[in-house]
Amino acid sequence: MNTGNLKYYCCAFLASCVMSCDVLDISPVNIIPEEKAYETESSITAHFAKLYSQMLFEDFQICTSSYDPYVHWDQFEYYTGYGVAVESLDVIDNNGERIDGGMGYLWWDYSAVRNVNEFLQLIDKYSSNFTADQVKAWKAEAKVIRAWYYYTMAKRFGGVPLITEPQDVNNPDKEDLMVARASEKEIWDFIINEIDEAIAGGLKEVSEAQGRINKYVALTLKAQSALYAASIARYNSPILGIGDYRDPNTNKQVCGIPADQASYYYKIAFDAAKEVITADKFELARGLDADGATNFAKLFLEPDKHKEAIFVKYYLEEKRTHDWSVFRLPLPYGRPAMDNPTLDLIDLYDNLDGTSAKVAVNQGEWLAEEYTTLDEMFKGRDYRLGGTVYFPGCNFYNSTFDVRRGVIVDGQVKNGTGNVTVNGKTYSIRGKYGMGDTQDETHTGFLVRKYINEADIANVSPESTSWIDMRYAEVLLIAAEAAAELGIDENGIGLAALNDVRTRAGLPEVSELSIPDIRKQWACEFAFENEVFWCKRRWRVLEETLSNDFTCSGLEPYWDITNNKWKFKKIVASKYPKKSFLSRYYYNWINTSQITTNPKICQNYGY
């Protein structure tokens, strides 16, 4: 299987990590002589350990303001309207605080860039220690890592300083160290060209060891980058202020890309995705379980048992772990304080016949329908619904997700805590797991299932579930979106890609590409993978869920004990953060310390 699986673990030095099945025990490269650091293959592996460890993965531990190995509240999903925190914390206040600067995390790491630049320079200097093919392959791999670094910065800041050679930090003329921001277009072009050069220059098609970038990881990164650039050209250009924001000293367009470049980048994205698709080395996971929802859930737990994973970050037991499940499961297994899925997300998952299943009442209103079972209204839906969330009445840990806000007895609603007695029998008002405002209960009626390992729910913290950073479904949706935006679908590849995603979810095929449907598929496929936030950001539609007139919804189940029926009420998910979104937030604030150190860097628009 041609995946680039990344295995990490923490030890005494940041530079140490696992990149194969064996643990590396190598001295940090910055405390041994230069010639020794480029003497053997194992010394080169140590260099790559450091380069990989500096790559930002938006995984279990990422939040919009930091990378936190412990508890973090401001999740990316909070900005999409598809997830809320039970904890009463404001991610964004009415003045835009917490979004003003940190939305998407302020990753600006030129020490990482410098490490790649030095490696590329010194591997040439000591090339005689290795074969020509080895040097070519290592240089190609390092170039893709550097492209990853710039991709991480470009989607946050737009144009950034473009530095490709090691700077002499001991040079008394500090002016030489100060580099102004390149245009946003120059950065995206650099990323794409770096990847092209790497592929042409010896990047391996199949990784020699797990944890190393290969051709298909690089092509996926190229497709991601080109799609982002295309979206900026098409959807950012009309926005006042950030549509064409220029460095006042260089006149370079540091925010924005000319609108007439959109098709150029969409074509690059399509071609890169097409190359991955036609290589016939990856496919959607379909055979992990006969049940479609369980199949979808399992693909995230068993990345080595299918051909969908393209690039995986591994967590290793007792080495590097996370607490994803403990903050998403109900008592007694966890405390579901984060990422309660909203009804806004659940509404996106259609019926299996392709018709909408959206709840069609206003907040505060009861649904007219009465249901025989708690889960009846969720049956016959897009498989990804049950594979992504726990909904009322679904199977949960060899039992049922018994959750409700209250009961109805003789037409009277009771939604407190404790029990109620009816005809001599005692019933729990809120069911086994309950629904309310505490960290111990869901606030929306739903919990996250994605990445939850039900086989070990009793021992969820700490855990070492792996994170799939790139998967084939993303490549398919990139091809579909690029083709739809171009208005040209070469050989029907885009439509076939879209239908591949739809049919795996149990949905019928469609006969034509539709941008609204493609955007819905992004959300249904990638909810709680820190992907939808960036989609909405590049489409420039975040204000739809971050404006003061938006409130996301939950669904309260009530058991009518008298009639043995289930009724539901649509509610306001009141713990959704206060918000005040300004268009300038589509580009992050640049930390003033960076500008103080290098006055040639101009701040982004509006800050």
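Remember, the working numbering sits 978 above the position in the sequence shown when you count from 1.
The beta-carbon is built from N, C-alpha and C at its ideal position, and this holds for glycine as well.
Small disclaimer: the values here were computed from a predicted structure and weren't measured.
Short Cβ contact (8 Å threshold) for residue i with residue j
i	j	result
residue 1119	residue 1034	no
residue 1566	residue 1134	yes
residue 1185	residue 1292	no
residue 1383	residue 1408	yes
residue 1485	residue 1328	yes
residue 1130	residue 1166	no
residue 1252	residue 1137	no
residue 1460	residue 1472	yes
residue 1419	residue 1411	yes
residue 1058	residue 1337	no
residue 1318	residue 1422	yes
residue 1355	residue 1534	no
residue 1208	residue 1463	yes
residue 1324	residue 1379	no
residue 1425	residue 1314	yes
residue 1261	residue 1276	no
residue 1326	residue 1502	yes
The alpha helix (DSSP H) enclosing residue i, as first and last residue numbers
i	result
residue 1544	Per DSSP, residue 1544 belongs to no alpha helix (DSSP H); it is in the beta strand (DSSP E), 1543 to 1550.
residue 1447	Segment 1445 to 1449 is the beta strand (DSSP E) holding residue 1447; no alpha helix (DSSP H) there.
residue 1203	1193 to 1209
residue 1182	Counting along the chain, residue 1182 falls outside any alpha helix (DSSP H), and DSSP gives it neither H nor E.
residue 1472	1471 to 1482
residue 1570	1570 to 1575
residue 1121	1110 to 1135
residue 1406	Looking at the DSSP string, residue 1406 is not in any alpha helix (DSSP H); the run it does join, the beta strand (DSSP E), is 1403 to 1406.
residue 1515	1510 to 1517
Limits of the beta strand (DSSP E) - the one that residue i falls within
i	result
residue 1538	1531 to 1538
residue 1397	1397 to 1400
residue 1287	1287 to 1292
residue 1384	1384 to 1387
residue 1231	1231 to 1233
residue 1390	1390 to 1392
Spatial distance of residue i from residue j (CA atoms)
i	j	result
residue 1041	residue 1227	34 Å
residue 1029	residue 1451	27 Å
residue 1163	residue 1062	35 Å
residue 1072	residue 1528	Residue placement at residue 1072 cannot be trusted, given a pLDDT of 44 that sits under 50; the coordinates are not used to answer.
residue 1117	residue 1197	16 Å
residue 1437	residue 1352	28 Å
residue 1564	residue 1290	28 Å
residue 1212	residue 1454	21 Å
residue 1492	residue 1295	43 Å
residue 1537	residue 1405	10 Å
residue 1582	residue 1205	22 Å
residue 1571	residue 1579	11 Å
residue 1259	residue 1203	22 Å
residue 1189	residue 1019	16 Å
residue 1574	residue 1155	13 Å
residue 1270	residue 1194	27 Å
residue 1350	residue 1546	12 Å
residue 1530	residue 1105	58 Å
residue 997	residue 1016	For residue 997, the predicted model reports a pLDDT of 34, less than 50, meaning its position is unreliable; a value from the coordinates is still stated below. For residue 997 and residue 1016, the distance between alpha carbons rounds to 18 Å.
residue 1114	residue 1053	40 Å
residue 1585	residue 1308	41 Å
residue 1055	residue 1242	30 Å
residue 1103	residue 1474	48 Å
residue 1440	residue 1506	19 Å
residue 1514	residue 1187	35 Å
residue 1109	residue 1523	54 Å
residue 1568	residue 1346	51 Å
Candidates the options, of which the one nearest residue i by Cα
i	options	result
residue 1146	1178, 1095, 1190, 1105	1095
residue 1435	1375, 1385, 1179, 1462	1375
residue 1476	1495, 1268, 1469	1495
residue 1402	1540, 1247, 1481, 1350	1540
residue 1343	1045, 1106, 1112, 1548	1548
residue 1489	1332, 1245, 1400	1332
residue 1500	1457, 1466, 1039	1457
residue 1283	1263, 1271, 1301	1263
residue 1091	1122, 1378, 1103	1122
residue 1234	1573, 1577, 1562, 1574	1562
residue 1481	1273, 1421, 1031, 1150	1273
Beta-carbon separation (whole angstroms), residue i vs residue j, contact threshold 8 Å
i	j	result
residue 946	residue 1125	This structure cannot settle anything about residue 946, because the visible part of the chain is limited to 979 through 1585.
residue 1427	residue 1365	7 Å
residue 1320	residue 1532	6 Å
residue 1387	residue 1398	6 Å
residue 1192	residue 1183	6 Å
residue 1279	residue 1431	6 Å
residue 1525	residue 1559	6 Å
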